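Enquirer: Let me begin by handing over the structure; questions about it come next.
Number of protein chains: 2
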Amino acid sequence: MSAEASTWPRVVILGGGFAGLYAARELRRARAQITLIDKSNHHLFQPLLYQVATASLSPADIARPIRTVLKRQRNCRVMLAEATGIDRSRRVVTLADGEVPFDYLIVATGATHAYFGHDDWAALAPGLKTIDDALAIRQRFLLSFEAAEREPDAATRRAILTFIVVGGGPTGVELAGAMAEIARRAMPTEFRTIDTTTARIILIEGNERLLMSFPPSLSDRARRDLEALGVDVWLNARVTGVDADGVRLGDERIVARNVFWAAGVQASPIGRSLGAPVDRAGRVQVRPDLTVEGDDRIFVVGDLASIMDARTKQAVPGVAPAAMQMGRYAAGIIRREIRAGAKAGAREAFAYRDKGNLATIGRARAVGVIAGRHYTGWLAWFLWSTIHVLFLIGFKNRLIVMIQWAWAYWWFERGARLITGPAATALRALRGKREV
Amino acid sequence: MSAEASTWPRVVILGGGFAGLYAARELRRARAQITLIDKSNHHLFQPLLYQVATASLSPADIARPIRTVLKRQRNCRVMLAEATGIDRSRRVVTLADGEVPFDYLIVATGATHAYFGHDDWAALAPGLKTIDDALAIRQRFLLSFEAAEREPDAATRRAILTFIVVGGGPTGVELAGAMAEIARRAMPTEFRTIDTTTARIILIEGNERLLMSFPPSLSDRARRDLEALGVDVWLNARVTGVDADGVRLGDERIVARNVFWAAGVQASPIGRSLGAPVDRAGRVQVRPDLTVEGDDRIFVVGDLASIMDARTKQAVPGVAPAAMQMGRYAAGIIRREIRAGAKAGAREAFAYRDKGNLATIGRARAVGVIAGRHYTGWLAWFLWSTIHVLFLIGFKNRLIVMIQWAWAYWWFERGARLITGPAATALRALRGKREV
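For the protein sequence lines, the chains are A and B, in the order given.
Residues in the first sequence are numbered from 30 upward in steps of one, following this note's numbering.
Residues in the second sequence are numbered from 30 upward in steps of one, following this note's numbering.
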C-alpha cells in the first residue's frame, strides 16, 4: 500500500466464510485498509462439508487459505486470530492476544448447531461445522465398520452398526443419504465377516416432515428417496437424551454407538458482545441496512444476522447465497460512503434474492426449487452438482471435485476413506464401550 | 470362501506397507487363508509423504484403504488391530485385544526414524512416518508464517521463521527443498507484513555429504541445488541438543522455533518379540531366505529385515523397491510350498535387484542413478515424477496427483495449505513460546 493508504478508513471484517469473503472482495477497489480476521486459515465451502464427513472428498478439495483467495487484493490483510469481543465505545475488536481498531466493522462469524440446551451431548454426538468436525465424523463412521468386523457378539455388532443422525434439514438428509450409500454400495465387497448392507442409518426429525425450508411435496420425495436408500426416517421424533449407548426419545430408546448431530442453530458468541438485541438462538437483530441498533458503521451479516425480509416478510434463511448477498450489500454501503466521504443519504434496505434451494440425497437423487419450479431425481442432482462445482473457489478444486464425483458415480468408490490418528487404539475404545 | 477353504494353511501378514501388501498380492491365487493385520486402515505411499507435510498433496491422494486394495482377493481378510507380540511356540500373533493363529507368518512392520537415544526430542522435533506426522509438520510449518505475520519483535520473528531439518537423506532433502520453495515462490504475495523469502531453512547432516546412498557427485549436486533454492546446508554437523527454542550442535546454537526430524532408523518393536538376533537399530537379522533363525515359516521382510545381499555383499537398503521385492519373494516361497504340500527343497537366497535411486529436491530439480547412469536437473525430476505417479495405487489417485503437480509446477500454488485443529489457539502457543 502507498503511504497515503495509511490514512484510509479501517474496515475490519470478522469471519472468512461466505459473508466475510464476499464483503472483502466487494471492497477490492475501495480506498480502505481492510483487515479480515478468522480463527482458521481457510475459507471453507460449507455446503460440501458433509462429503468430507462421508469420505468422498478431502478437506483441501473444499477449503482454500483465505490469504490465497485474497492475495491480489493489496488493500486487505488477513489475520489468523480469535476475536473475543467488540468494544463499541473504544472502536476496537479485542482478540485473545491483542486488539484491532476499526472505523467500519462487518461481523460475519456465523452460527453452529445447537444441542437444545444440552451442551453435554456435544461430546457424544458430534456436529458438522468445521473440517475437524467432519474428520471426527468420518473417523467414527469408518471405525465402526472395522470394529464390527472384529466383534463376535451379535448385539454389540448391531449397536456398533447403528448410526443415528439427528436433524432432518439439508445437512442431516445429506449425511444420512451418503452414509447409507457407502454402507450399501461402496463397502460390501471389502468385508469378510460382516454384511455392511445391514447397517442401520436412522434419521430423526422433530417436525412432521424433512427439509422444512422446501415445499411439502419435495420433503415427501426426499423421505421416499432416503427410504429407498435404506435410511429409516423417523418424523415427529424428539430426542430427549443422548448417552454413550444411544439416544432416548421420550419412552423409546435406540441402542447405537454412533450419534451425529445436525439440528438446531446457535449463533457465534461474538454477537452478544455487541450489546444489541439477539434472538433465542443468539443471532443479532439487525436493522434493514444490516447495522446494529445505534451504530451506522457496525454491520452484522450472514448466519449471525437475524432479519425479516422487507418484501416477503419472512426471515432471511441461514444459507450460503444469503450470506454472500449480505456480505456484498454491507460492503457496498461502506464502499460508496468511503468514496463519497460521508454517509451517502438514506440506505436502501437489504433485500434477499432467493435464487432457489437444492438438497442432495445421494447418487442421482436430489430435490430442489428454482424459480418456483420443482426438481427431483437425476435432474435435480445434476443441477445441484453443477451449481456446487461452479461456486467452489479455484479452478483446480473444481476439476478435482468433478473427478472425485465422476469416480464415485461410476465406481461407487469413495476417495478419502482414511482413518487418521491412532486408529487401532480408537477401535479398541469403540469395541469396549459399555453396553446397556 | 468355500467350506474347503477353512482347512487351508493360515498365512498372517503383519503390516500393510509395500512389503506386506505385495506379499498379500503374490498369494492372490494361493489356497491359503490370509489375514493382513495393520494398525491403520490404509496403505500409505510413503515416498510422497513429504508432499503432504509440505501442503502439496492431501493425505487421501497418497493413501488408500487396505481393504479397498484387496477387496477382490477373496482369500484375504484385513484386520485393523495392533500386534503386540509374536508367540513362536504357540504359533499366534498377540494383539492388544485378542490373538490370531498362523501357520506361516510374514512380519512387515517396518521402521521409523530415531532420535539417537534421545526419545525426549520426539515431542520437540516431529518426524515423518505417518499421515498424522505429516499433518503435524504441515500445521507447524504453516502456523509459523501466520505467527510471524503478527509478531512485532524482530528477534522472535526470526526464530519463528527459522526451520531446521535434521537428517540429509532423501526425506530431509525433500522436506527442506519443498519448504524453501513454498516460502520463496508460493507465499510472498500473500503476506503484508513479513517477507516470507527471508525464512531460513537449515538442513543439518552428520556426514560429510547429503544422500549417502547416492554417488558423491550427485550428493554434491543436490547440495548445490538446495543452496540455489535458499536452503542452508550444514554438513558434518551433529545435533547434541534439542529444546523448545532451537538446537545445539556442540558449542554452537541455532535459535529456531521449528525443528523437524528426518534422521536415524529404529525398527518396529515387534521385531524383538521374535527372539531372533537384531542389529543396533532393532532390525531382525534374517537368513538368506528372509526367515528367522530356527523357523522356516516365519519371514521378516521390508525395512524391519536386516540382510546382506548375497551378490553385492552390501546391506539391502530400506527403500520401497526392496520392500516390494522381499514381500513378493517370501510370499512366493509360501505359495510354492502350499502348492507342493511340503517344504519344496532348498530355497534360493533373496537377491535384491537395484533398479535405481532417485531423490527430488524441488521443482525441476532432482538427482538419480538408473542402471549406472547419473541424472540431474529437469530430466531427473521428470523421471522421478513419472515413476512415482506410476507406482501410486489407483488410477484416480494418479490423475489427481498429476493435476496437483501440474498446478504447482505452473502456478507455484500448493493444494493443501490447511491448518486444522484449533488454529488460533495453536498460534498463540507458538507466539508465546519462551525465548532464550
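All C-beta atoms, glycine included, are put in the ideal place defined by N, C-alpha and C.
All figures in this text were calculated on a predicted structure; none of them were measured in a lab.
Does any residue of chain A bring its CB to less than 9 angstroms from the CB of His142/B?
Expert: Not closer than 9 angstroms to any Cβ of chain A, the Cβ of His142/B fails to qualify, so no.
Enquirer: Which residues of chain B have a Cβ atom closer than 8 angstroms to the Cβ of Gln97/A, listed in chain order?
Expert: In the sequence as displayed, the identity of residue 97/A is Thr instead of Gln. Going along chain B in sequence order, the residues near Thr97/A (Cβ under 8 angstroms) are Glu219, Glu442 and Arg446.
Enquirer: Spell out whether any CB of chain A is found under 9 angstroms from the CB atom of Leu164/B.
Expert: Taking Cβ atoms only, chain A reaches closer than 9 angstroms to Leu164/B, which makes this a yes.
Enquirer: Have a look at Arg309/B and Ala143/B and give me their C-alpha separation to the nearest angstrom.
Expert: Roughly 11 angstroms between the two C-alpha positions.
Enquirer: Would you kindly work out how many angstroms separate the C-alpha atoms of Arg187/B and Ser87/B, rounded to a whole number?
Expert: Near 29 angstroms, if we compare the C-alpha coordinates of Ser87/B and Arg187/B.
Enquirer: Apply the 10 Å Cβ neighbour rule to Gly240/B and answer buried if 16 or more other Cβ atoms are within range, or exposed otherwise.
Expert: With the sequence shown as reference, residue 240/B is identified as Leu, and Gly is not the correct amino acid for it. So Leu240/B ends up on the buried side.
Enquirer: At which residue ranges does the segment 185-273 of chain A contain complete beta strand (DSSP E) runs of 3 or more residues, listed in the order of the chain?
Expert: The segment 185-273 of chain A contains these whole beta strand (DSSP E) runs: 191-195, 229-233, 260-263 and 270-272.
Enquirer: Tell me the residue span of the beta strand (DSSP E) that contains Phe328/B.
Expert: First-last of the beta strand (DSSP E) with Phe328/B: Asp324 to Val329.
Enquirer: Taking only beta-carbon positions, decide if Val470/A is within less than 9 angstroms of chain B.
Expert: Outside the displayed span of chain A (30 to 465) sits residue 470/A, for which this structure offers no information.
Enquirer: From which residue to which residue does the alpha helix (DSSP H) around His417/B run?
Expert: First-last of the alpha helix (DSSP H) with His417/B: Gly406 to Phe420.
Enquirer: To which residues does DSSP link Asp116/A through a beta bridge?
Expert: Answer is Val121/A, bridged to Asp116/A.
Enquirer: When the Cα atoms are used, what is the spatial distance from Pro38/A to Pro181/B?
Expert: Near 22 angstroms, if we compare the C-alpha coordinates of Pro181/B and Pro38/A.
Enquirer: Please identify the residue among Val284/B, Met216/B and Val194/B whose C-alpha is closest to the C-alpha of Thr185/B.
Expert: Taking only the C-alpha atoms, the option nearest Thr185/B is Val284/B.
Enquirer: Which residues mark the beginning and the end of the alpha helix (DSSP H) in which Pro350/B is found?
Expert: Start and end: Ala349 to Ala369.
Enquirer: Is any beta-carbon of chain A found at less than 9 angstroms from that of Leu78/B?
Expert: Not one chain A Cβ lies under 9 angstroms of Leu78/B.
Enquirer: So is Thr454/B buried or exposed if we call it buried at 16+ other beta carbons inside 10 Å?
Expert: Flag for Thr454/B reads exposed.
Enquirer: Taking 9 angstroms as the cut-off, decide whether the C-beta atoms of Ala344/B and Gly331/B are in contact.
Expert: It is not a contact, given that the beta carbons lie outside the stated cut-off.
Enquirer: Here's a check: name, in chain order, each residue in its chain whose Cβ is nearer than 7 angstroms to the Cβ of Ile362/A, leaving out the five neighbours to either side.
Expert: Result list for Ile362/A: Asp318 and Arg376, in chain order.
Enquirer: Go to Gly391/B, then tell me how far its alpha helix (DSSP H) extends in each direction, as first and last residue.
Expert: No alpha helix (DSSP H) contains Gly391/B, which is instead part of the beta strand (DSSP E) from Asn386 to Gly391.
Enquirer: Of all Cβ atoms in chain B, is any one closer than 9 angstroms to the Cβ of Ile432/A?
Expert: Answer yes: the Cβ-Cβ gap between Ile432/A and chain B drops below 9 angstroms somewhere.
Enquirer: Could you check which residue in Arg214/B, Arg103/B, Val271/B and Leu164/B has the C-alpha nearest to that of His472/B?
Expert: Beyond the ends of chain B as shown, which are 30 and 465, falls residue 472/B; an answer cannot be given.
Enquirer: Return the CA-CA distance between Arg340/A and Leu247/A, expressed in angstroms with no decimal places.
Expert: So the two alpha carbons sit approximately 25 angstroms from each other.
Enquirer: Comparing alpha-carbon positions, which option in Ser242/A, Thr449/A and Glu237/A lies nearest Asp161/A?
Expert: Of Ser242/A, Thr449/A and Glu237/A, the residue nearest in Cα terms is Thr449/A.
Enquirer: List the residues of chain B whose Cβ lies closer than 9 angstroms to the Cβ of His72/A, in chain order.
Expert: None at all; the shortest Cβ gap to chain B is about 11 angstroms.
Enquirer: So which of Arg382/B, Met108/B, Glu256/B and Lys342/B has the shortest CA-CA distance to Ile233/B?
Expert: Checked all of Arg382/B, Met108/B, Glu256/B and Lys342/B; the closest Cα to Ile233/B is Glu256/B.
Enquirer: Can you name the residues of chain B whose CB is closer than 8 angstroms to the CB of Glu180/A?
Expert: Result: empty, since nearest Cβ-Cβ is about 10 angstroms, beyond 8 angstroms.
Enquirer: Grab me the residues of Asp324/B's own chain with a C-beta within less than 7 angstroms of its C-beta, minus the 5 sequence neighbours each way, in chain order.
Expert: For Asp324/B, where only same-chain residues beyond five positions count, the Cβ hits under 7 angstroms are Arg117.
Enquirer: Hey, would you say Ala292/B sits closer than 9 angstroms to Val202/B, going by beta carbons?
Expert: Contact flag unset, no.
Enquirer: Go ahead and label Leu124/A buried or exposed: buried means 16 or more other beta carbons lie within 10 angstroms of its beta carbon, across all protein chains shown.
Expert: It counts as buried.
Enquirer: At a Cβ threshold of 9 angstroms, is Leu171/B touching chain A?
Expert: Yes, Leu171/B lies at the interface with chain A (some Cβ there is under 9 angstroms from its Cβ).
Enquirer: Please report the straight-line C-alpha distance between Arg60/B and Arg96/B, rounded to a whole angstrom.
Expert: Computed Cα separation, rounded: 20 angstroms.
Enquirer: Which same chain residues end up closer than 8 angstroms to Leu157/B when comparing Cβ atoms and leaving out the 5 residues on each side of it in sequence?
Expert: So the qualifying residues of the chain are Leu78, Tyr79, Ala82, His142, Ala163, Ile166, Thr200, Leu204, Phe289, Trp290 and Ala291.
Enquirer: Which same chain residues, not among the five before or five after Arg463/B, have their C-beta less than 8 angstroms away from its C-beta?
Expert: Model confidence at Arg463/B stands at a pLDDT of 39, short of 50, so the residue's coordinates are unreliable and nothing is read from them.
Enquirer: Just checking my contact of Glu281/A with Leu264/A at CB under 8 angstroms: how many whole Å lie between their CB atoms?
Expert: The Cβ separation is near 14 angstroms, so there is no contact.
Enquirer: State buried or exposed for Ser335/B, treating a residue as buried only when at least 16 other CB atoms are found within 10 Å of its CB.
Expert: The residue is buried, with at least 16 neighbouring Cβ atoms inside 10 Å.
Enquirer: With distance defined between alpha-carbon atoms, name the residue in Lys425/B, Phe441/B and Ala452/B nearest to Ser466/A.
Expert: Only positions 30 to 465 of chain A appear in the structure, and residue 466/A is not among them; the question remains open.
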